[in-house]
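Q: Here it is: the structure, laid out below.
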Amino acid sequence: MALEQLWPKLGDMGVDTSLFGQCLTRFGILAGSECVKIDEEVISLISSVLSKEFDAVSDVPKQYRWTKKPSPSSHSAYITTAHSKLDDFVSEIVKKNHPNPASLTRSVLVLSYGHLATKAGEVLDSVDATGSSLSRFKRKGAGLDGTSDDDKIRTQIYRDLTFCHLRGLENNIDVEGMSKLIDRSRPDTLEPAVNVKRDVKETSETPTIEAPAVSLENESVEEEAIVPPPEDVCSNSS
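See the structure below:
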């Protein structure tokens, strides 16, 4: 505002603006340093809010351990809630004409996703330990489709982390360790029911392929038995 409004008026009045310009320069430097501090505080605050939502990943085992819930087909509700708050934050700083909202968003995601990755790793460690100690109950823990409780927990974490990983890539960030956790949490089969149907189909096709070969062999044997031997033909002719 000083450059656009005050400067022309001072120039029209013939006032020397050099000293005033130095004051503005000094003020701009101080304001810039304060803006950096303010941004750091905002990043810390918003990332803490999101991290608090991401703490809910620790409750994922409770949702599937001995509950007979079906295997998850999408990311968890806490993931949706956290990103809804993130979207509100981004919308607000854009309205306030922040000079670099993308940089602010990336910083928030790096911190909050890093927190989520740490918590998810702890959950997977716990699942591995619990799964080995409860190995004798694996058949009891398996659902109708053969999916165990541990697989359901891993599948849920896999879907949660995958959603965040893709959202991070949209903002040009890749949180360290996130990809490894995704690979670690990915079950051998995400859709066990589909695989079961495929196995049944393959086993049902096998006998239909072999059946014609067996029937043909039997027919050839019968045909050979009908043909009389040469001696019998000679004896009949005499």
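Throughout the sequence shown, residue numbering follows the UniProt record's numbering, covering 1 to 238 in sequence.
Built from N, CA and C at the ideal position, the CB exists for glycine as well.
Since the structure is predicted, the reported quantities are computational estimates derived from the model, not experimental observations.
Using only the alpha-carbon positions, how far apart do Glu170 and Lys37 sit?
A: As a first step, residue 170 is located in the sequence shown; it is residue number 170 there, counting from the start. As a first step, residue 37 is located in the sequence shown; it is residue number 37 there, counting from the start. In a straight line, the C-alpha of Glu170 is about 26 Å away from that of Lys37.
Q: Tell me, please, whether the segment 93-107 touches the segment 169-185 by the rule of three or more beta-carbon pairs shorter than 8 Å.
A: yes
Q: Could you have a look at Lys9 and say whether DSSP puts it in helix, strand or coil?
A: Here residue 9 refers to the residue found at position 9 of the sequence shown. Helix, per DSSP.
Q: Could you tell me if Ala54 is buried or exposed, where buried requires 16 or more neighbouring beta carbons within 10 angstroms of its beta carbon?
A: Translated into positions along the sequence shown, residue 54 becomes position 54. Per the sequence shown, the amino acid found at residue 54 is Phe instead of Ala. With 16 or more Cβ atoms within 10 Å of its Cβ, Phe54 is classed as buried.
Q: Quick check on DSSP: helix, strand or coil for Ser73?
A: In the sequence shown, the residue the question calls residue 73 occupies position 73. Reduced to three states, the DSSP call for Ser73 is coil.
Q: Between the Cα of Pro187 and the Cα atoms of Ser51, Val123, Glu34, Gln156, which residue gives the shortest distance?
A: Locating residue 187 in the sequence shown gives position 187, counting from the first residue. It is Gln156 whose Cα lies nearest to the Cα of Pro187.
Q: Determine, using beta-carbon pairs with one atom in the segment 67-77 and one in the segment 156-166, whether at least three such pairs fall under 8 Å.
A: yes
Q: Please report the Cβ distance between His98 and Ser51, rounded to the nearest whole angstrom; I am assuming they are in contact, meaning their Cβ atoms lie under 8 Å.
A: Here residue 98 refers to the residue found at position 98 when the sequence shown is read from its first residue. Here residue 51 refers to the residue found at position 51 when the sequence shown is read from its first residue. Contact flag wrong, Cβ pair sits at about 22 Å.
Q: Quick one: grab the DSSP three-state call for Pro101.
A: Position 101 of the sequence shown holds residue 101. Here DSSP, grouped into helix, strand and coil, assigns Pro101 to helix.
Q: Suppose contacts are defined by Cβ-Cβ distances below 8 Å. Is Tyr64 in contact with Asp149 by that definition?
A: By one-based count along the sequence shown, residue 64 stands at place 64. By one-based count along the sequence shown, residue 149 stands at place 149. Note that the C-beta distance between Tyr64 and Asp149 is below 8 Å.
Q: Tell me whether the beta-carbon of Ser58 lies closer than 8 Å to the beta-carbon of Val127.
A: One-based indexing of the sequence shown puts residue 58 at position 58. One-based indexing of the sequence shown puts residue 127 at position 127. No; because the gap between Cβ atoms is not below 8 Å, this pair is not in contact.
Q: Alpha carbon to alpha carbon, what distance is there between Ser47 and Ser112?
A: The residue given as residue 112 occupies position 112 in the sequence shown. The residue given as residue 47 occupies position 47 in the sequence shown. Rounded to the nearest angstrom, the two C-alpha atoms are 5 Å apart.
Q: Give me the Cα-Cα distance between Leu86 and Val94, rounded to the nearest whole angstrom.
A: Here residue 86 corresponds to residue number 86 of the sequence shown, with the count starting at 1. Here residue 94 corresponds to residue number 94 of the sequence shown, with the count starting at 1. If I take the Cα positions, the gap works out to 12 Å.
Q: Taking 8 Å as the threshold (C-beta atoms), are Ser179 and Arg154 in contact?
A: Numbered from 1 along the sequence shown, position 154 holds the residue referred to as residue 154. Numbered from 1 along the sequence shown, position 179 holds the residue referred to as residue 179. Cβ atoms of Arg154 and Ser179: not closer than 8 Å.
Q: Note down, in chain order, each residue of its chain lying with its Cβ closer than 7 Å to the Cβ of Leu6, except the 5 sequence neighbours on either side.
A: Stepping through the sequence shown from its first residue, residue 6 is reached at position 6. Here the set comprises nothing.
Q: Counting C-beta neighbours from all protein chains within 10 Å, is the total for Pro8 16 or more, i.e. buried, or is it exposed?
A: Along the sequence shown, read from residue 1 onward, the residue named residue 8 stands at position 8. Its Cβ having fewer than 16 others within 10 Å, Pro8 is exposed.
Q: When you compare only the Cα positions, how much space is there between Ala56 and Ala102?
A: Locating residue 56 in the sequence shown gives position 56, where the first residue counts as 1. Locating residue 102 in the sequence shown gives position 102, where the first residue counts as 1. Near 26 Å, if we compare the C-alpha coordinates of Ala102 and Ala56.
Q: Compare the beta carbon distance of Arg167 and His83 with 8 Å and say whether it is the shorter of the two.
A: Position 167 of the sequence shown, counted from the start, is the residue given in the question as residue 167. Position 83 of the sequence shown, counted from the start, is the residue given in the question as residue 83. Contact flag set, yes.
Q: Expressed to the nearest angstrom, what Euclidean distance is found between the alpha-carbon atoms of Val110 and Leu181?
A: For this step, residue 110 is matched to residue 110 along the sequence shown. For this step, residue 181 is matched to residue 181 along the sequence shown. Spanning the two alpha carbons is a distance of roughly 16 Å.
Q: Determine the extent of the alpha helix (DSSP H) in which Leu67 is found, giving its start and end residues.
A: Residue numbering aside, residue 67 sits at position 67 when the sequence shown is read from its first letter. The question names Leu, but residue 67 is Thr in the sequence shown. That residue, Thr67, is in no alpha helix (DSSP H); it is neither H nor E in DSSP.
Q: Ala129 and Gly177: beta carbons closer than 8 Å?
A: As a working note, residue 129 is residue 129 in the sequence shown. As a working note, residue 177 is residue 177 in the sequence shown. Judged by their CB atoms, Ala129 and Gly177 are not nearer to each other than the 8 Å cut-off.
Q: If we call anything under 8 Å between Cβ atoms a contact, is Lys152 one with Lys62?
A: By 1-based counting over the sequence shown, the position of residue 152 is 152. By 1-based counting over the sequence shown, the position of residue 62 is 62. It is not a contact, given that the beta carbons lie outside the stated cut-off.
Q: Which word fits Ser60, buried or exposed, when buried means at least 16 other C-beta atoms lie within 10 angstroms of its C-beta?
A: Counted from its first residue, the sequence shown places residue 60 at position 60. Note that residue 60 corresponds to Val in the displayed sequence, not to Ser. The residue is buried, with at least 16 neighbouring Cβ atoms inside 10 Å.
Q: I'd like the list of long-range same chain contacts for Phe89, defined as Cβ closer than 6 Å, with 5 residues on each side in sequence excluded.
A: In the sequence shown, residue 89 corresponds to position 89, counting from 1. Counting only Cβ-Cβ distances below 6 Å, and skipping sequence neighbours, we find Ile46.
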